[in-house]
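Quick note on the working numbering: the sequence shown kicks off at 21 and runs consecutively.
A virtual CB, placed ideally from N, CA and C, is assigned to each residue, including glycine.
Small disclaimer: the values here were computed from a predicted structure and weren't measured.
First comes the structure, then the notes that go with it.
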Amino acid sequence: MIQRRRRRMVAVDKPRKILVCTACIIALVGLLTGYVRVFPSPRASNSSDPHKLPTQHEFNYQKLSAEKKWTEEVAPPHLSEQQSSPHLPKAPVSLHKFNGAGGNLDSEKLWKLPEARDFVPCIQPSSNYTTPDKTRGYLLVRTNGGLNQMRTGICDMVAVARIINATLVVPELDKRSFWRDTSNFSDIFDEDHFINALANDVKVVKKLPKELSSATKIVKHFKSMSSFKYYRDVIGSLWEEYRVIRAAKFDSRLTNNDLPSDIQKLRCRACYEALRFAPQIEAMGKVLVDRMRSYGHFIALHLRFEKDMLAYSGCTHGLSNAEAKELETIRDETANWKVKEIDATEQRYRGQCPLTPKEVGIFLNALGFPSETPIYIAAGEIYGGVTHMADLRSRYPLLMSKENLASVAELEPFTNHSSQMAALDYIVSVESDVFIPSYSGNMARAVEGHRRFLGHRKTISPDRRGLVHLFGQIEKGLLKEGSKLSNRIIEIHKNLQGSPRRRGGSVPGTKSMESTHSEEAFYTNPLPDCLCQRASQNVNTSIRESNRKVDRSMQKEQLKVL
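In structure tokens:
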């Protein structure tokens with residue numbers, strides 16, 4: 021009897037043990053196959069790595085040109101059916117992936133796109149727009165400044181060439197400025213695409229014809245922020261005596277407003293379609309974007325705390341006496357920086373200084389971004405390095421950059437060329453979920469405008485003047501970090517997150533050139549010239565209200581600065 025009972029128990033237990041063992045094996049296999057490697061260590065390189073950028077010899081340019089561009093692959097979903105582009109594939113879930121505040125309502129608000137995104141690019145020329153006729157001469161230009169100053173200047177010279185009916189020679193890039201970058205146009209931009217994309221607008225050639233190399237040229241200083249009439253009548257009249265005009269300077273040479281619609285649309289076609297980065301830069305930029313996306317939603321932080329920026333602006337808050345002295349020496353010894361004597365304290369309280377890394381950390385925390393938020397640092401070498409980054413890193417440990425997202429070998433083709441490295445930062449900044457600049461310099465304005473053009477992607481523009489006063493209260497012990505500070509900062513920035521609005525005009529009461537310079541830059545906000553909204557009464561009402569609020573805010577800030 022007992023033996024029969026034992027045999028029955030063994031008969032029952034045996035299949036149960038088999039089932040348990042089978043379940044364990046399945047679970048073990050699932051764990052092994054579920055492991056995802058995000059990207060290789062920057063110190064190691066593996067030829068089988070799926071993220072590794074091809075070498076110059078391995079790179080197939082024809083294949084790349086047939087693929088979608090990085091700007092097309094992540095087009096926002098609001099675009100019309102005719103203009104929408106597929107999204108990038110969802111990045112694989114990795115062991116390192118974070119999702120803000122755990123996917124709750126507050127987290128969703130942090131990444132939520134601005135309201136009233138019913139805009140699409142409308143940059144096609146009008147019906148009476150003609151292809152370029154026989155041109156009257158050649159326009160030579162040499163860029164000045166960094167990458168984004170060059171970008172906007174190039175696009176403006178495309179428009180000028182159209183106005184004066186000139187053949188544009190591919191611009192020479194600045195090799196003499198602070199950065200000493202030896203890159204040529206074709207090293208940074210896709211030269212052939214630039215020429216072909218503008219074929220119906222402006223004739224562009226790579227070099228001045230040999231027969232004109234010895235021709236008499238006039239070097240002309242184009243007036244700053246000049247009108248259509250100035251170029252058509254004053255500069256255009258030079259063709260009567262010369263066949264070649266060289267522009268001595270070409271940044272900020274064209275006014276922001278009051279230009280023919282077709283000229284404004286041409287500026288946008290030049291900037292957002294024709295002036296594409298070189299294939300190897302676009303490919304590496306896409307690699308960086310994909311690797312950041314593997315972490316989930318991410319911020320691109322344009323942290324303007326490099327040596328050249330601080331020396332130029334005269335901003336020394338948070339620096340040691342030795343560091344402040346070093347920056348003063350750099351400013352004194354840089355010939356083309358006209359302003360030498362700068363009151364650092366006054367500069368800071370006018371909102372003319374970049375936020376320090378520590379202040380950025382306080383700002384992000386007050387906005388509600390959790391400590392596990394992935395942040396891409398779009399910047400050159402941060403002045404003071406680890407010392408000045410310590411507080412920001414303690415708050416947000418997941419700080420990434422091109423240097424630790426890619427291997428040394430991957431970055432090697434770009435490393436000694438500041439403009440090419442800046443182009444990589446530009447790509448990641450445009451494609452980020454949220455873009456935050458610590459200073460409203462050339463790159464910040466260019467990226468903001470590009471993000472507006474692509475669908476008003478979320479761009480939080482810190483009110484530095486307002487923030488500095490709050491930070492000053494914290495330093496004096498009059499205010500503590502917490503809900504009170506957070507509420508004040510959120511309230512200040514509720515209308516500074518990239519919502520659609522018309523480009524800001526000049527400050528009331530200003531005259532002549534002062535009035536022109538107080539305008540919002542064309543490439544910071546290409547609305548209304550290059551963006552059209554779908555008809556909707558609710559959208560129209562929302563936009564008008566947004567315009568009124570932001571215009572009032574901008575006018576107050578501009579008057580304070582003036």
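ask   = Helix, strand or coil for residue 372 per DSSP?
value = In the sequence shown, residue 372 corresponds to position 352, counting from 1. Residue 372 falls in the coil class under three-state DSSP.
message = Considering only the alpha carbon of each residue, which of 401, 357, 432, 247 lies closest to residue 183?
response = Position 163 of the sequence shown, counting from 1, holds the residue named residue 183. Looking at the Cα atoms, 247 is the closest of the given residues.
request  = Give the secondary structure of residue 467 by DSSP, where H, G and I count as helix, E and B as strand, and everything else as coil.
outcome  = The residue labelled residue 467 in the question sits at position 447 within the sequence shown. The three-state secondary structure of residue 467, taken from DSSP, is helix.
ask   = Got a sec, what are the start and stop residues for the beta strand (DSSP E) residue 491 sits in?
value = Locating residue 491 in the sequence shown gives position 471, counting from the first residue. For residue 491, there is no enclosing beta strand (DSSP E); the residue is part of the alpha helix (DSSP H) that begins and ends at 484-495.
task = Could you have a look at residue 242 and say whether DSSP puts it in helix, strand or coil?
result = Here residue 242 refers to the residue found at position 222 when the sequence shown is read from its first residue. Correct three-state label for residue 242: coil.
inquiry  = Counting C-beta neighbours from all protein chains within 10 Å, is the total for residue 549 16 or more, i.e. buried, or is it exposed?
reply    = For the purposes of this step, residue 549 is identified with residue 529 of the sequence shown, where counting begins at 1. Only buried fits residue 549, as 16 or more other CB atoms lie within 10 angstroms of its CB.
ask   = From the DSSP output, which residues share a beta bridge with residue 187?
value = Here residue 187 is taken as the residue at index 167 of the sequence shown, counted from 1. 158, per the DSSP bridge assignment.
request  = Assign residue 67 to buried or exposed, taking buried as 16 or more other Cβ atoms, counted over all protein chains shown, within 10 Å of its Cβ.
outcome  = For the purposes of this step, residue 67 is identified with residue 47 of the sequence shown, where counting begins at 1. The pLDDT assigned to residue 67 is 37, lower than 50, so where the model puts this residue is not dependable; a value taken from the coordinates is nonetheless given after this. The residue is exposed, with fewer than 16 neighbouring Cβ atoms inside 10 Å.
CA-to-CA distance, residue 464 to residue 522, given in whole angstroms = As a first step, residue 522 must be located in the sequence shown, where it is residue number 502. As a first step, residue 464 must be located in the sequence shown, where it is residue number 444. Straight through space, the alpha carbons of residue 464 and residue 522 are spaced by roughly 18 Å.
ask   = With 16 as the cutoff for other CB atoms within 10 Å, does residue 601 come out buried or exposed?
value = Residue 601 is absent from the structure shown; the chain starts at 21 and stops at 582.
query = Can you list, in chain order, the residues of its chain whose CB lies under 7 Å from that of residue 360, leaving out five sequence neighbours each side?
reply = Reading the sequence shown from its first residue, position 340 is the one you call residue 360. Residues 351, 352 of the same chain have their beta carbon placed closer than 7 Å to that of residue 360, with the five preceding and five following residues left out of the count.
message = Could you tell me the alpha carbon to alpha carbon distance between residue 72 and residue 301, rounded to whole angstroms?
response = Taking the sequence shown and counting its residues from 1, the one referred to as residue 72 is at position 52. Taking the sequence shown and counting its residues from 1, the one referred to as residue 301 is at position 281. Low per-residue confidence applies at residue 72: pLDDT is 39, beneath 50, and the placement is therefore not dependable, though the value from the model is reported in the following sentence. Computed Cα separation, rounded: 14 Å.
inquiry  = Whole angstroms are fine: how far does the CA of residue 487 sit from the CA of residue 496?
reply    = As a first step, residue 496 must be located in the sequence shown, where it is residue number 476. As a first step, residue 487 must be located in the sequence shown, where it is residue number 467. In a straight line, the C-alpha of residue 496 is about 14 Å away from that of residue 487.
Cβ-based neighbour list, residue 378, same chain, cut-off 8 Å, excluding 5 preceding and 5 following = Reading the sequence shown from its first residue, position 358 is the one you call residue 378. Cβ within range, chain order: 338, 408, 411, 412.
request  = Rounded to whole angstroms, what's the CA-CA distance from residue 249 to residue 281? Just pull it up for me.
outcome  = Your numbering for residue 249 matches position 229 in the sequence shown. Your numbering for residue 281 matches position 261 in the sequence shown. Taking the straight line from one Cα to the other gives about 14 Å.
key: Sequence-distant residues of its chain with Cβ nearer than 8 Å to residue 489 (five each side left out)   = To locate residue 489, count along the sequence shown from 1; it is residue 469. Excluding its 5 nearest sequence neighbours in each direction, residue 489 has C-beta neighbours in its own chain below 8 Å: 369, listed in chain order.
ask   = Is the beta carbon of residue 382 less than 7 Å from the beta carbon of residue 321?
value = The residue labelled residue 382 in the question sits at position 362 within the sequence shown. The residue labelled residue 321 in the question sits at position 301 within the sequence shown. At the C-beta level, residue 382 and residue 321 stay beyond 7 Å of one another.
ask   = For residue 418, which option in 401, 446, 393, 433 has the closest C-alpha, if you only look at C-alpha atoms?
value = By one-based count along the sequence shown, residue 418 stands at place 398. Comparing Cα-Cα distances from residue 418 to each of 401, 446, 393, 433, the minimum goes to 393.
inquiry  = I want to know whether the region 166-182 touches the region 288-299 - three or more CB-CB distances under 8 Å.
reply    = The region 166-182 and the region 288-299 touch, with no fewer than 3 CB-CB distances between them shorter than 8 Å.
task = May I have the straight-line CA-CA distance separating residue 482 from residue 156, to the nearest angstrom?
result = Walking along the sequence shown from the start, residue 482 turns up at place 462. Walking along the sequence shown from the start, residue 156 turns up at place 136. If you take the alpha carbons of residue 482 and residue 156, they lie about 47 Å apart.
request  = Determine the extent of the alpha helix (DSSP H) in which residue 288 is found, giving its start and end residues.
outcome  = In the sequence shown, residue 288 corresponds to position 268, counting from 1. Following the DSSP letters along the chain, one finds residue 288 inside the alpha helix (DSSP H) bounded by residues 281-289.
query = Exposed or buried, residue 324, counting other C-beta atoms within 10 Å across all chains shown (16 or more means buried)?
reply = Position 304 of the sequence shown, counted from the start, is the residue given in the question as residue 324. By the 16-neighbour rule on beta-carbons within 10 angstroms, residue 324 is buried.
ask   = Just checking my contact of residue 232 with residue 224 at CB under 8 Å: how many whole Å lie between their CB atoms?
value = Working through the sequence shown from its first residue, we reach residue 232 at position 212. Working through the sequence shown from its first residue, we reach residue 224 at position 204. With 8 Å as the limit, residue 232 and residue 224 do not qualify as a contact, their Cβ atoms being about 16 Å apart.
query = Going by the beta-carbon positions, is the gap between residue 317 and residue 126 smaller than 7 Å?
reply = Residue 317 sits at position 297 when you count from the first residue of the sequence shown. Residue 126 sits at position 106 when you count from the first residue of the sequence shown. The answer is no: Cβ separation not under 7 Å.
query = Helix, strand or coil: which one does DSSP assign to residue 231?
reply = Working through the sequence shown from its first residue, we reach residue 231 at position 211. In this structure, residue 231 counts as helix in the three-state DSSP scheme.
Same chain, Cβ closer than 6 Å to residue 296, neighbours up to 5 away in sequence not counted = Within the sequence shown, residue 296 is the residue found at index 276, counting from 1. If the five residues before and after residue 296 are omitted, its C-beta is found closer than 6 Å to the C-beta atoms of 210, 213, all from its own chain and listed in chain order.
Helix, strand or coil at residue 213 [DSSP, three-state] = If you number the sequence shown from 1, residue 213 lands on position 193. DSSP places residue 213 in helix when its eight states are reduced to three.
query = If we ignore side chains and look at the alpha-carbon of each, how far apart do residue 345 and residue 270 end up?
reply = Here residue 345 refers to the residue found at position 325 when the sequence shown is read from its first residue. Here residue 270 refers to the residue found at position 250 when the sequence shown is read from its first residue. A straight-line Cα-Cα distance of about 33 Å links residue 345 and residue 270.
query = Using DSSP with H/G/I as helix, E/B as strand and the rest coil, what is residue 382?
reply = To locate residue 382, count along the sequence shown from 1; it is residue 362. Residue state for residue 382 is assigned as helix, using DSSP reduced to three classes.
query = Is the beta carbon of residue 494 sitting closer than 7 Å to the one on residue 456?
reply = The residue given as residue 494 occupies position 474 in the sequence shown. The residue given as residue 456 occupies position 436 in the sequence shown. Not a contact, by the Cβ cut-off of 7 Å.
request  = State the start and end residues of the unbroken alpha helix (DSSP H) segment that holds residue 508.
outcome  = Your numbering for residue 508 matches position 488 in the sequence shown. Residue 508 -> alpha helix (DSSP H) spans 503-512.
query = Considering residue 396, what are the terminal residues of the beta strand (DSSP E) in which it resides?
reply = Translated into the one-based positions of the sequence shown, residue 396 becomes position 376. In this chain, the beta strand (DSSP E) harbouring residue 396 covers 395-397.
query = Alpha carbon to alpha carbon, what distance is there between residue 467 and residue 331?
reply = Residue 331 sits at position 311 when you count from the first residue of the sequence shown. Residue 467 sits at position 447 when you count from the first residue of the sequence shown. Residue 331 and residue 467 have their alpha carbons spaced roughly 23 Å apart.
inquiry  = Does residue 498 pass the burial test, meaning 16 or more other C-beta atoms within 10 Å, or should it be called exposed?
reply    = Numbered from its first residue, the sequence shown carries residue 498 at position 478. Exposed, because fewer than 16 other Cβ atoms sit within 10 Å of the Cβ of residue 498.
key: Three-state secondary structure assigned by DSSP to residue 192   = Position 172 of the sequence shown, counting from 1, holds the residue named residue 192. DSSP places residue 192 in the strand class (E or B) of the three-state scheme.
ask   = For residue 237, which of helix, strand or coil comes out of DSSP?
value = Taking the first residue of the sequence shown as position 1, residue 237 is located at position 217. Residue 237: strand per DSSP, three-state reduction.
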